[in-house]
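Residue numbers (the numbering used here), protein chains in the order written: chain U, 1 to 367; chain Y, 368 to 517; chain F, 518 to 712.
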């Protein structure tokens with residue numbers, strides 16, 4: 001009986017092993033495409049192992065084309081232009097592409113396999129997106145609920161971003177939170193220093209990421225971030241600028257100002273910082289420093305709920321009524337807003353009423 | 368009590384640290400079905416439905432949304448204000464979409480009671496009749512709601 | 518079984534259609550039958566794999582399982598043969614026939630778990646077909662399956678903008694249509710005996 005069982009198992013094993021070996025050998029010879037080159041935007045060549053999808057080959061080279069479904073061909077987010085070497089359009093791609101896209105060579109990067117040398121075009125902004133390993137260099141307390149955190153880049157060692165863009169921060173599991181959480185925060189430092197960057201993070205009551213940042217992070221900790229993302233940056237025109245941002249919304253504006261301090265500008269700029277009380281004001285001296293180095297810049301903090309014992313002699317109420325103090329020509333004014341949807345809603349309404357064209361109002365709405 | 372896979376998934380999402388830091392159930396050890404059923408009974412006794420309560424809440428939320436960061440007086444006895452912080456939350460019942468962390472803060476000046484609800488609270492009451500478990504930070508007691516809102 | 522391979526081939530297509538009389542291979546039949554084009558691709562892949570695995574499994578049964586008296590392991594061995602063959606086939610056509618791969622390749626992994634393939638392998642053992650009959654039966658069943666999925670895909674395309682009760686949309690109406698088609702195919706029964 002035992003002998004019978006053993007022979008049966010042996011035969012089955014031999015059959016399975018035979019097929020397994022056959023497949024391994026076949027895979028070895030049939031799917032070996034060697035090292036292939038992907039040419040990106042006609043600028044950079046990356047060498048990848050052939051046979052994998054374009055999406056995963058690029059992400060191994062730290063180039064992250066957005067993808068929501070993880071390469072299953074169901075979200076259509078990973079569209080990119082393949083100029084040469086993509087092979088014919090697949091039935092899995094057709095439902096997600098429009099006629100115009102098919103004609104211009106747009107493909108789904110998760111479906112295109114790299115089997116020959118391939119030439120692609122991707123937006124410059126994606127080109128810069130990386131996952132960064134960083135170390136926390138400095139944590140500064142700005143207010144009772146707002147911290148500025150400086151991340152020193154470890155790997156890769158430099159970052160290229162536009163002032164106003166944001167990073168995605170990954171938390172580690174802590175306390176009751178058992179999984180990783182990913183949240184976006186605007187970069188608050190200028191792009192000239194490419195070895196590090198700063199984020200300004202305000203504590204959200206019971207927020208899973210901000211609680212981690214405020215209560216668990218220490219200087220010297222290693223943190224992973226992905227980015228930069230976003231199209232909230234100063235347009236290169238000569239129009240007057242109105243910045244409106246409260247709370248941690250100051251982050252992208254600070255980055256823009258640091259950038260302008262280096263580049264220089266003679267555009268008339270006014271920054272309205274809306275806060276509830278004096279306790280919510282921060283970096284005031286630094287903003288006054290910008291008024292010194294940028295003669296056309298003015299910083300106007302406005303408090304909505306100053307208490308009597310605070311001795312506030314600045315402007316009070318909403319920021320909107322003060323726009324007319326600085327507005328020269330509404331048609332030639334750009335507005336950059338960063339903050340809660342409620343604030344952006346109210347400010348946009350006021351600006352449009354004053355005659356600022358809607359398309360010149362740029363905003364980064366959180367929430 | 369035996370749970371279906373869907374119920375298990377919902378209960379899991381209501382635990383602390385999954386969608387919100389402290390969860391939706393507080394220190395309530397009843398099943399979410401029982402919480403919903405008990406609160407529905409309470410409302411029935413008071414002569415209201417969850418839909419009516421949600422509609423009333425929505426009315427205040429929409430009114431105060433128009434007035435940014437400024438309490439607005441409604442019907443002579445309510446002061447309503449909207450406060451928005453960063454972030455969005457999904458529904459633990461796996462409804463599509465995310466809900467902004469936008470809070471409506473309502474004070475009934477006659478009784479002096481202040482209640483606050485988020486846009487997720489509003490959705491949970493409207494679509495699921497769920498007022499959250501006892502001891503949860505965002506629990507809205509139906510009795511208190513009715514007393515304050517109507 | 519003394520039936521000519523030629524007759525068996527036609528019988529497998531019409532009188533004992535694997536899908537409409539045995540209801541095998543339903544999962545991919547229901548899920549891929551939304552468009553005629555992809556149904557055709559999948560159907561061709563099924564014909565291809567069915568024909569060859571029928572032959573391979575016949576060989577495996579008569580030259581491996583019978584000599585060692587381990588017929589009871591046929592389920593496992595057949596599955597291994599089918600899975601390995603489909604994998605191998607995918608690799609080969611991906612490398613040497615890219616055009617074919619682009620039309621067929623994505624459907625191949627789907628077929629590994631298609632019960633029609635496995636069903637045919639089991640039928641040829643139960644019904645004691647010889648090698649040639651097995652091949653003919655495999656090919657015929659494949660064509661029959663293609664025929665069935667093409668018919669359903671055609672009907673579903675026509676139904677796309679028709680008002681169907683909400684509860685019946687998708688799989689529900691497809692199963693009802695399949696049932697009606699199967700009734701139609703009962704008309705062929707009794708013309709040829711396949712077992």
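Ideal placement from N, C-alpha and C gives every residue a C-beta, glycine not left out.
Reduced DSSP category for residue 492 of chain Y - H, G, I as helix; E, B as strand; rest coil: Here residue 492 of chain Y sits in helix by DSSP.
Separation of residue 168 of chain U from residue 184 of chain U, as counted between CA atoms: Distance between the alpha carbons of residue 184 of chain U and residue 168 of chain U: 4 Å.
Min CB distance residue 204 of chain U to chain Y below 7 Å: Yes, residue 204 of chain U counts as interfacial toward chain Y.
Classification of residue 346 of chain U by the beta-carbon crowding that lies within 10 angstroms, buried from 16 upward: Residue 346 of chain U is buried by the Cβ-count criterion.
Neighbour list for residue 19 of chain U in chain A, Cβ cutoff strictly below 7 Å: The structure shown contains no chain A; its protein chains are U, Y and F.
Min CB distance residue 91 of chain U to chain F below 7 Å: It does: the Cβ of residue 91 of chain U has a partner Cβ on chain F nearer than 7 Å.
The segment 238-251 of chain U / the segment 263-278 of chain U touching (three or more Cβ pairs under 8 Å): The segment 238-251 of chain U makes contact with the segment 263-278 of chain U: 3 or more CB pairs, one atom from each, lie closer than 8 Å.
Minimum Cβ-Cβ distance from residue 383 of chain Y to chain U less than 7 Å: At least one CB of chain U lies nearer than 7 Å to the CB of residue 383 of chain Y.
Closer than 7 Å to chain Y by CB, residue 385 of chain U: Nothing in the structure corresponds to residue 385 of chain U, since chain U is present only between 1 and 367.
Straight-line Cα distance separating residue 444 of chain Y from residue 312 of chain Y: Lying before the first or after the last residue shown, residue 312 of chain Y is absent from chain Y, which here runs from 368 to 517.
C-alpha distance - residue 492 of chain Y paired with residue 407 of chain Y, whole-angstrom precision: If I take the Cα positions, the gap works out to 10 Å.
Buried or exposed by the 16-neighbour rule on C-beta atoms within 10 Å, applied to residue 544 of chain F: Exposed is the call here.
Given 8 Å, three or more beta-carbon pairs between the segment 408-421 of chain Y and the segment 520-534 of chain F: Taking 8 Å as the limit for Cβ pairs, the verdict is that the segment 520-534 of chain F does not touch the segment 408-421 of chain Y.
Under 8 Å by beta carbon: chain F residues contacting residue 31 of chain U: Under the 8 Å cutoff, chain F gives 608, 611, 612.
Same chain, Cβ closer than 8 Å to residue 151 of chain U, five either side skipped, listed in chain order: Same-chain partners within the cutoff: 132, 134, 135, 136, 137, 196, 197, 198, 199, 223, 225.
Cutoff 6 Å; reference residue 213 of chain U; Cβ partners in own chain excluding five residues on either side: Cβ-Cβ distances below 6 Å link residue 213 of chain U to 201 in the same chain, with the five nearest sequence neighbours on each side left out; the list follows chain order.
Reference residue 61 of chain U, options U:129, U:121, U:10, closest by Cα: Looking at the Cα atoms, U:129 is the closest of the given residues.
Bridge-paired residues (DSSP) for residue 96 of chain U: Bridge partners of residue 96 of chain U: none, in fact.
Residue 133 of chain U (DSSP reduced to helix, strand or coil): Looking at residue 133 of chain U - three-state DSSP - the assignment turns out to be strand.
Stretch pair the segment 549-561 of chain F + the segment 640-653 of chain F: three plus CB contacts closer than 8 Å: Taking 8 Å as the limit for Cβ pairs, the verdict is that the segment 640-653 of chain F does not touch the segment 549-561 of chain F.
First and last residue of the uninterrupted alpha helix (DSSP H) at residue 591 of chain F: In the DSSP assignment, residue 591 of chain F falls within the alpha helix (DSSP H) that extends over 591-613.
Below-7 Å beta-carbon distance, residue 11 of chain U vs any chain F residue: Cβ-Cβ to chain F under 7 Å: yes for residue 11 of chain U.
Under 7 Å between C-beta atoms of residue 460 of chain Y and residue 495 of chain Y: Between residue 460 of chain Y and residue 495 of chain Y, the CB-CB gap stays under 7 Å.
Three-way DSSP call (helix, strand, coil) for residue 509 of chain Y in this model: Residue state, collapsed to three classes: helix.
Residue 246 of chain U at chain Y interface by Cβ criterion, 7 Å: Judged by the 7 Å Cβ criterion, residue 246 of chain U is not in contact with chain Y.
Inter-residue spacing [alpha-carbon to alpha-carbon] between residue 40 of chain U and residue 54 of chain U: Cα to Cα, residue 40 of chain U sits roughly 12 Å from residue 54 of chain U.
Distance, residue 17 of chain U Cα to residue 568 of chain F Cα: C-alpha of residue 568 of chain F to C-alpha of residue 17 of chain U: approximately 24 Å in a straight line.
Endpoints, alpha helix (DSSP H) assigned at residue 528 of chain F: Its alpha helix (DSSP H) spans residues 522-530.
Bridge-paired residues (DSSP) for residue 155 of chain U: The partner list for residue 155 of chain U (beta bridge, DSSP) reads U:133.
Contiguous beta strand (DSSP E) assignments of at least 3 residues, all confined to the segment 33-64 of chain U: Unbroken beta strand (DSSP E) stretches of 3 residues or longer found wholly inside the segment 33-64 of chain U: 35-40, 44-49, given in chain order.
Neighbour flag for residue 555 of chain F against chain U, beta carbons, 7 Å: By this cut-off, residue 555 of chain F is an interface position.
Pair within 7 Å by beta-carbon distance, residue 449 of chain Y and residue 474 of chain Y: No; because the gap between Cβ atoms is not below 7 Å, this pair is not in contact.
Inter-stretch contact at 8 Å, needing at least 3 Cβ pairs: the segment 561-577 of chain F / the segment 653-660 of chain F: The segment 561-577 of chain F vs the segment 653-660 of chain F: in contact.
Chain U within 7 Å of residue 507 of chain F, Cβ atoms only: Look at the range of chain F in this structure, 518 to 712, and you will see that residue 507 of chain F is not part of it.
Beta-bridge partners of residue 302 of chain U, as assigned by DSSP: Paired residues: U:274, U:315.
Under 8 Å from the C-beta of residue 594 of chain F: neighbouring residues of chain U: Near residue 594 of chain F (Cβ distances below 8 Å), the residues of chain U are 12, 15.
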